Every structure is written in structure tokens, then in C-alpha cells.
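*Asks:*
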Amino acid sequence: MARNMMPRKIKFSKIAIVMFLTVLIWVYADLATDDTHLVPNVPVRIAGSGDSELWATFKNEDGSPVSSIVIKHIVLKGPTSRIAEVKRDLDNNLLKLAFSLDPERQDMTTAGSRKLDMLDFVREREQIRGLGGVTVESCEPNEVTIDVVKLRKRDLDIRSVDENGRPLEAESINPSRISMYVPEDWGRDQAAEVMLTPGEIGPARAAGVRKIPYIVLDDGQKRQSNNYVQVKLLPEEDKLDQHIISRGTVGFCFSDNTQGKYRVSLDTVSSQIIIRATQEARQAYEGERYKVILEIDDDDATATDWVSREFKYNFPEEYVRKGEIKLDPEHELVEAKFKLIPLSSAENP
């Protein structure tokens, strides 16, 4: 039996060697065959500098400064199978090429203009070096111009704005001026800004809020101060028109223990209600059956003298929610003086 097994072992070994050599040839053939893939529109942005005096920008085609550009295309080159994997990852958004340029790492720390070789820059990026066997064959543009400006420290006025850049009139900003690094040609009328969100405007009118001033450079880059300021806004101007409601009809809301047992005797009631509202809200309020409601409590039945109580105003809820109707704050609340009179048996069967 031993003599019969030996040829089979030799035969199996030959098959394994042939298979190994075949796979090796396939792998070598794949590695020996390169493919390319063009990646369009790759963004490059200038990273924020740790040096407050340094401002680096790309020079746009029209000569204006910009903080980011788009490489029109990058041509990747590598083994066919690896290029196919990279292309698949790009198509499925598993890989997105985007680069950041740190001026200080590029030794751009002195004022002036210089050219940057984009092909060398792209080849050195971690994203490219991490693609495993894939290199960059070419890119467009081949070079770009970078301008570096040294900023100068100046004292700036501060103004407050909302999220849309509209001015907000401040009662006070403390301190009223702040030192920041700005370009040499920064105008004297160009102020630093503090931006208040809708949620901050109310507190800023009531008590003030702490904010960090900033400036916006010509490339759209925002530079913040290292210090806070306290911003107090002026009270909001009332934008609702004043209206006089001459017929203030009264409704009564009895408690469970007084309902059906008493009637209300009113001593004095102001005949006018002064409100602030939009025209639509005023018309809706005038359409209400009762303009004011007087709430009646259990204790009112045992009172020995006239009871004084403010009315509840029956404003349409929809317009209250929208802030389109309210009492005129410059006029006093309407108050009633009343007594409860027990109903007779005939009135309360």
C-alpha cells in the first residue's frame, strides 16, 4: 500500500505548485497593469493660523483673496484592482478627497506672494498617502498663488447685529472698543461685530448678554477676539398700533359653588379698553362676545364689602400666540368693583 500512495502525494504537490504559480502570475499581472482615475472638483481650504497676525489667502482668478479653492481634477494612478476599489469608495461616498493647507507648515510665515506646486502638495497629503499603492499622476491647476499678509493691531468700535447682519441698536457695549488684528487698509468706520441669535435678543434687552466680538476679512474668514464684551440692547419699539375698544362687554366665570346661586352687581367698570394689535387681531377681538371676563371665587359670596378684581382679557388665542395683540402697557388694567347678590327662589328654581 505504501508504494501506491507515493505517486498520489507527488501528484497533489504538483497541482498545489501549479495553482500557487497561477495565482502568483495573476497577482503580478494585476500589479504590473496600472490604471488611472480622474477625480474632479477637489476642495482645498486654508486652515486657521495659530498666529493672530498672519493672514494667508489664495489669489482667485480675478485677483481677489479667497480662503478656499477647487482643484479642477486630480488623476490617480495605481494597480487596476486598487484603482477600482478607490473609484467604488468615491462613488459610494465612503471616500471624499478634501485637503487643508496650513501656511505655517508650508513655511509661509512672512508677508508676500509665493507660488505653491499643487502636484507636490497633493502627493504629500495624508489622504493620498493612505490610499495604498495609489499615487497622483497629475492635477489641474499645477500651481496656485498664495498671498500672506501681516495684520496690525488696532482699537475698533463694536456694533451689534442679528443673524442676518441687520444692526441692533445697543444701549451699551462694555467695553465699547476692542483691540484686534486687522489689515493695513482696514477703514476707521469698519467696526468689530457681535452677533445675537433670536434667543439672545430678548435677554440682551432685559439684562444684557456676554458675547465675543469678531471681524470678517475680505476672504470671508471670521477672526474672533480673545475677550468678551457685555451687550445691552435698547427696549424694543412697539410695532403694534394702538386701538380703543369702546364697548367692553363683560362675561362672568362662576366657581362651582357660586354657579346658579348668585348674580353680580357691578359698581364701576371702565368703559374703554386700550390695546395694541394688528388690524386683523383688533377685528377678531371686537368680534368676541365678551371682551373681558370677571372670575368669581367661592370667597366672594361671604365678602361684606365691595370686591376689587382685575378683568381677564378675552383676546383671541391665535393672535396672542403670534404676538399680534396685547394690552397697551402705558394704560392701567381695567378693574371691577362688585358684590354677589343671592338669587331669589324665583330666579333660581
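With the first letter of the sequence shown counted as 1, position 330 gets the number 351 in my numbering; the numbers rise by one all the way through.
Idealized CB from N, CA, C, for every residue including glycine.
This one's a predicted model, so the numbers in the text were calculated from it and none came from an experiment.
By DSSP, does G56 sit in helix, in strand, or in coil?
*Replies:* For this step, residue 56 is matched to residue 35 along the sequence shown. This sequence places Asp at residue 56; Gly is not what is there. D56: strand per DSSP, three-state reduction.
*Asks:* Could you give the first and the last residue of the continuous beta strand (DSSP E) run that contains S329?
*Replies:* Taking the sequence shown and counting its residues from 1, the one referred to as residue 329 is at position 308. Residues V328 to E331.
*Asks:* With 16 as the cutoff for other CB atoms within 10 Å, does Q362 come out buried or exposed?
*Replies:* If you number the sequence shown from 1, residue 362 lands on position 341. According to the sequence shown, residue 362 is Ile rather than Gln. Exposed, since its Cβ has fewer than 16 Cβ neighbours within 10 Å.
*Asks:* Determine the closest residue to K333 out of R187, K347, D83 and E190, with distance taken between C-alpha atoms.
*Replies:* Numbered from 1 along the sequence shown, position 312 holds the residue referred to as residue 333. Taking only the C-alpha atoms, the option nearest K333 is K347.
*Asks:* Measure the beta-carbon distance from L189 to L254 and round it to whole angstroms, keeping in mind my assumption that it falls under 8 Å.
*Replies:* Position 168 of the sequence shown holds residue 189. Position 233 of the sequence shown holds residue 254. Between L254 and L189 the Cβ distance is about 6 Å, and since that is below 8 Å, they are a contact.
*Asks:* Count the other CB atoms within 10 Å of the CB of E74; is the residue buried (16 or more) or exposed (fewer)?
*Replies:* Position 53 of the sequence shown holds residue 74. Result: exposed.
*Asks:* Which of helix, strand or coil does DSSP assign to Q263?
*Replies:* Numbered from its first residue, the sequence shown carries residue 263 at position 242. Residue state, collapsed to three classes: strand.
*Asks:* Rounding to the nearest angstrom, what Cα-Cα distance links D262 and R244 in this structure?
*Replies:* As a first step, residue 262 is located in the sequence shown; it is residue number 241 there, counting from the start. As a first step, residue 244 is located in the sequence shown; it is residue number 223 there, counting from the start. Whole-angstrom Cα-Cα distance: 42 Å.
*Asks:* Rounded to a whole number of angstroms, what is the C-alpha to C-alpha distance between E345 and D318?
*Replies:* Position 324 of the sequence shown, counting from 1, holds the residue named residue 345. Position 297 of the sequence shown, counting from 1, holds the residue named residue 318. Cα to Cα, E345 sits roughly 31 Å from D318.
*Asks:* Measuring CA to CA, which of V165, G186 and H58 is closest to V237?
*Replies:* If you number the sequence shown from 1, residue 237 lands on position 216. Taking only the C-alpha atoms, the option nearest V237 is G186.
*Asks:* In whole angstroms, what is the alpha-carbon distance linking Y202 and P337?
*Replies:* What you label residue 202 is simply residue 181 of the sequence shown in a count that begins at 1. What you label residue 337 is simply residue 316 of the sequence shown in a count that begins at 1. Between Y202 and P337, the C-alpha separation is close to 54 Å.
*Asks:* What does the Cβ neighbour count give for E214, buried or exposed, with the cut at 16 atoms within 10 Å?
*Replies:* On the sequence shown, residue 214 is found 193 positions in, with the first residue counted as 1. Classification for E214: buried.
*Asks:* Just list the beta strand (DSSP E) runs in the stretch 175-249, keeping only unbroken ones of 3 residues or longer that don't cross its boundaries, in chain order.
*Replies:* 191-195, 198-203, 213-216, 230-232, 235-237 and 243-245
*Asks:* Sort K312, P204, V182 and P64 by Cα distance to W76 and report the nearest one.
*Replies:* Looking up residue 76 in the sequence shown gives position 55. Comparing Cα-Cα distances from W76 to each of K312, P204, V182 and P64, the minimum goes to P204.
*Asks:* For the stretch 273-286 against the stretch 307-325, are there 3 or more C-beta pairs whose distance is under 8 Å?
*Replies:* yes
*Asks:* In terms of residue numbering, what span does the beta strand (DSSP E) encompassing R135 cover?
*Replies:* Position 114 of the sequence shown, counting from 1, holds the residue named residue 135. Its beta strand (DSSP E) spans residues G133 to D138.
*Asks:* Bridge partners of Y334, per DSSP?
*Replies:* Counted from its first residue, the sequence shown places residue 334 at position 313. Per DSSP, V313.
*Asks:* Would you call L97 buried or exposed, if buried means 16 or more other Cβ atoms sit within 10 Å of its Cβ?
*Replies:* Mapped onto the sequence shown, residue 97 falls at position 76. So L97 counts as buried.
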